[in-house]
Every structure is written in structure tokens, then in C-alpha cells.
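A short worksheet on the structure shown next.
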Amino acid sequence: MKYETSTSDVVLIGAGIMSATLGVLLKELEPDWKLTVFEQLGSAGGESSNERNNSGTGHAALCELNYTAEQPDGTIDIEAAVKINERFQLSRQFWAHLAKRKLIENPSDFITGLPHMSFVKGEAHVQFLKKRYDALSAHPLFQEIEYSEDREQLTEWFQLIMNNRSSDEPVAGTKIDDGTDVNYGELTRKMCNYLEQEDVDIHYNHNVLDIKQASEGLWELKVRDGKGSVRSHRAKFVFIGAGGGSLPLLQKTGLPEGKHIGGFPISGQYLECTNPEIIEKHYAKVYGKNPPGAPKMVVPHLDTRYIGGEKKLIFGPFAGFIPKFLKSGSKKEFFTSVKPNNLFTMAAAGIKNFSLMQYLIQQLRLTKKERMNELREFFPDAKDEDWELKIAGQRVQVIKDTSEGKGIIQFSDTEVVHSEDRTLAALLGGSPGASTSVSDMVRLLEDCFPTKLEHWKPKIKEMIPSYGENLSAQPELIGEIKRSTMKDLALERKEK
């Protein structure tokens, strides 16, 4: 596609879930704005958003134990779980709006209703799960949660996990039927298809080499196309939504927001079942406790997935360290991100997280037998010949100086930073990521377009009915939203 103009109102870098979400929001709010997307791969949703590069969990803190921390006094803090769930409800509402308006077709292609469960073993973990259940069940967002220590009930919930498990081992589980499996790659492609239908120029195989502030309040981008030609493109506003590629591009801007900050790449692998009989016996996303020494994002889970209409079963993740910021990138990316202004920040992170590096290196060295032994902790009857190793995506966790000290790795959230003049924003971090893409991008609109916000609010409220509301304080609204989004997204549960 040839350029029709060298200037856009908005340039989105990267055709992943974040850029696609922001693009659709802006197209709904300002239909006449000129939007341009530059993506270095040949299609949308090819990196972290791709269905093969993430777990596909609609993260709503229903089963993820790392969002409910046990405090020193033994109580369970559910604040993070409530926040994550409320943000995911915004995503469901926005996707339901797109489906209801026929802006995207066949929502069942990208989202499936699926129970979210937790499983623990050992007396201490059973006590933790019971306290977590007590805390969550008292909140309107989680009141449908079920808890059991009954082995017969647990076998009904997750047969593979319970079969041939030692009867002497204390076990417990929780279950919520309101969970989802989400194909973020397919959702991204659907949104990008809509944008192209609305005359948004999406340039695939285009790599942004540099970003600099130009005259007249514009940003100038140097872009190389698939044939090697380099051109300039100007924009009034730039969003760097390039996943692991965001930090290097932010550093190129020369902005203070790109200094004294670093990135820590974590690679991922998982086991995928090849036996159809085993796949059919599991129907849930079941999360466990973090292994000792593992980062918060490395939580073992045995998951049903739906990819391309086909039911699959995966177990993971297995973490590791490869100095790439993108799965399709170069092994030089981590080293070239170290600059004089972030050298001490990165060094401090290395010293403080030596045990984490040891853990990641140990994960990389795992043999097939050792990986299968980890799987058997979840699925005692797992056979080596029924599983094969797959490579997942790369995540880049932000490293920065905080009130806690220098070189702190941020595992708990995605982060949007913007320039002082609000004409450029970049998305950093990797968790919970795609699940909260809508709330992340709405927050970006609030931060970067304050003079437009009052004019936009009625339309945002139309797309996302709970926008601006304290959802937790309105049980009736929670029920209404769940019912309406279930209908518009065709979230009737599939049969086993």
C-alpha cells in the first residue's frame, strides 16, 4: 500500500491487541481522524497477542492465586483481584458492544465460556485456599465461587488432576463458571479488519526505525518498508504499542520518560497434549500455586484452549531467559537497551534478582522428563508420548527506580507512560496485559486527551456501560453486565 499522505492525526506502532483496541476506540470517538498503523510483521496479532504466545485466559482473578496475597497476619488481601476483575468487565463490555453493533462478526471465534478453577495440595495451601474463598465469596464480583475439599466433588470438577492422586494428600479446589478462554490473536485480527474497512492504513512489514519530535508540535517517524525503502511519516499523536519493542522505541524519542528505565525479558514454553482422548477429559482452566523462587507471572496451570475452533489442552508455563524483547526479534535487543542513563538501574536489578536469574536458567535446562514430572504434579497419569513442547511468546517486564529502591522489576501490572505534552504514549510491561487492554487504553485517552474527554464520555459510556462507575458497590449492575455480555458474546458454555 502506498502512502496517500505523510501526516496522520494518530500513528499506532504495532498491530497487537493494544493498538487495535486504541484504534477502534478512536475510530468510534473521532471517525474523521486519520489513523495509521505500522507493523513490522506480515499480519496483525503476531507477537504477544497471538494465540500461541499466551495462555488465552480472560484474566479476571477468578482462579489466579497470585492476585490474592496472604498478609503477615494471615488475612487475604483481595484488592488486586477486585481491580483486575473490574478491569476485565470493561473489556467484556467493549467486546460485546463491537459484536452487538456488528463491527466484528462471530464473537465465538475469539471468546468461549469456560470454568476457571484453582487447585492446591498440602495442608498450608489448603488453608490458604479456604481463606481466599471466604474473602472472595463475600464480594459481589466473586459471589458465585464454589469451594470443596471433597475428593469426589473435585474429581467431577477436574478428573485428570484427581485420578490416581494419593489419598493421604490434603487437596482443595475452587470453581467459578463465569470464566472465559480468549483467543486474543483472533480478536486482534477482527479489530484490525474493521479498522481497514474504516479506511485506516495498516502497513504490514514496516519497521519504525526512529522517532523524533519535529516542528509544529508533530512527531517524525523514520519507517522502513518490506523492500528496504526508508521514508518519513509525521503524526500529531504517537502510540508505541509494540509489546517488547516498545522500550527501545521509547528510548529513541529522547524523552525523560524513556530514561532510567529498563526491560527484563522472560521467555515462555509450554507442553501441549497430542492425545484427543485426554483432551476431551478436561474442561477448565485450572491454576495452582507459584513454584518456590518463580516470578509471580509463572503460575502452573492446566488449560483447555479453543484455537481455530479446535479444542486443545496445554500445561505451563516453563520460564526462561533469552535476551530478546520480541519472539521474532534479535538476541541483541536486551543488550542494546542498556544505556548510560539506565546502567545503574539495570545493574541494581541484576544484583537484587540473582536468584530469579538462577531460576530462569534452571528452567531453560529442564529436560523433557523433568518437565513431565512437573506436569505429573498436576496430572499424575500424564504420559510422555502424549505431550510435546511448544515455544510461547516473550514478555518484557519493566525495570525502574521506585520508592522501594533502584532496579525494581515490575511484575504486577502493565504501565502506560506518556510525554509531558501528552502527544506520545507507550505501553510497557506484560501482565495482565491483553485481558485489561480496554481499561488500559481508556486510561490512555483520559491521560492524553483531557480536552476531548468531556465530549467523549457519553460515547465511551455507550460502549462501556460501567465506565466511571464503582462496579463493586452495585451488585445489580454486575448481574446486568454479566447477563448482557454473555448474550452479546454468545458465551453459552460448550459441552465437554
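Using our numbering, the first residue of the sequence shown is number 9, and each one after it goes up by one. We put the beta carbon where it would ideally sit given N, CA and C, even for glycine. What you are looking at is a predicted structure, and each value in this text was computed from that prediction instead of being measured.
- The three-state reading of DSSP puts asparagine 215 in strand, counting E and B together.
- Pairwise C-beta distances place the segment 376-386 out of contact with the segment 331-338, as fewer than three of them are shorter than 8 Å.
- Nearest neighbour of leucine 436 by Cα position, chosen from Gly252, Ser237, Gln161, Gln97, turns out to be Gly252.
- Residue range 413-418 is occupied by the beta strand (DSSP E) that includes glutamine 418.
- For tyrosine 367, the secondary structure class from DSSP, reduced to helix, strand or coil, is helix.
- The C-beta separation of leucine 43 from aspartate 17 comes to about 7 Å, placing the pair in contact by the 8 Å criterion.
- Per DSSP, reduced to three states, the secondary structure at glycine 487 is helical.
- Glycine 249 carries a coil assignment under DSSP once its states are collapsed to helix, strand and coil.
- Contiguous alpha helix (DSSP H) elements confined to the segment 39-105 do not occur, taking only those with 4 or more residues.
- Residue pairing from DSSP leaves histidine 147 without any beta-bridge partner.
- By the criterion of at least three beta-carbon pairs nearer than 8 Å, the segment 258-278 is not in contact with the segment 287-294.
- Taken in chain order, the complete beta strand (DSSP E) segments of 3 or more residues contained in the segment 123-190 are 124-129, 154-156, 179-184, 188-190.
- One Cα belongs to leucine 144, the other to alanine 77, and the distance between them is close to 12 Å.
- Here phenylalanine 118 is buried. Its C-beta has 16 or more other C-beta atoms within 10 Å.
- Under DSSP, threonine 120 shares a beta bridge with Asp189.
- Under the Cβ criterion (8 Å, minimum of three pairs), the segment 172-190 counts as touching the segment 56-66.
- In the DSSP assignment, aspartate 455 falls within the alpha helix (DSSP H) that extends over 445-456.
- DSSP lists Ala433 as the beta-bridge partner residues of histidine 426.
- For the pair alanine 52 and alanine 104, the Cα-to-Cα distance works out to about 21 Å.
- The DSSP-derived three-state label of lysine 376 is helix.
- Inclusion of alanine 434 and isoleucine 248 in the CB contact set at 8 Å is warranted, their separation being smaller than that value.
- If you ignore the 5 residues before and after leucine 111, its C-beta comes within less than 6 Å of the C-beta of Tyr202, all in its own chain and listed in chain order.
- Along the length of the segment 233-284, whole alpha helix (DSSP H) runs at least 4 residues long occupy 254-260, reported in chain order.
- For isoleucine 359, the enclosing alpha helix (DSSP H) has its first and last residue at 351-360.
- Only buried fits isoleucine 472, as 16 or more other CB atoms lie within 10 angstroms of its CB.
- Your pair serine 14 and serine 240 checks out as a contact, with CB atoms roughly 7 Å apart and the cut at 8 Å.
- Excluding sequence positions up to five before and after isoleucine 153, its CB lies within less than 8 Å of the CB of Leu70, Tyr141, Leu144, Ser145, Thr182, Lys183, Ile184, all in the same chain and listed in chain order.
- Around the beta-carbon of glycine 441, 16 or more other beta-carbon atoms lie within 10 Å, marking it buried.
- According to the DSSP assignment, lysine 319 belongs to the beta strand (DSSP E) that extends over 318-328.
- In terms of Cα proximity to alanine 390, the closest of Ser336, Asn172, Ile269 is Asn172.
- One alpha carbon belongs to alanine 88, the other to phenylalanine 96, and they sit about 12 Å apart.
- Boundaries of the beta strand (DSSP E) around isoleucine 399: 395-410.
- The shortest C-alpha to C-alpha distance from glutamate 228 to any of Trp165, Glu454, Thr261, Pro308 is the one to Thr261.
- By the Cβ criterion, the segment 125-141 is not in contact with the segment 205-213, since fewer than three pairs of Cβ atoms, one from each stretch, lie closer than 8 Å.
- Annotation for leucine 33: no beta strand (DSSP E) segment contains it, though the alpha helix (DSSP H) segment containing it runs 25-37.
- In this structure, DSSP gives tyrosine 475 a state outside helix and strand, which the three-state scheme calls coil.
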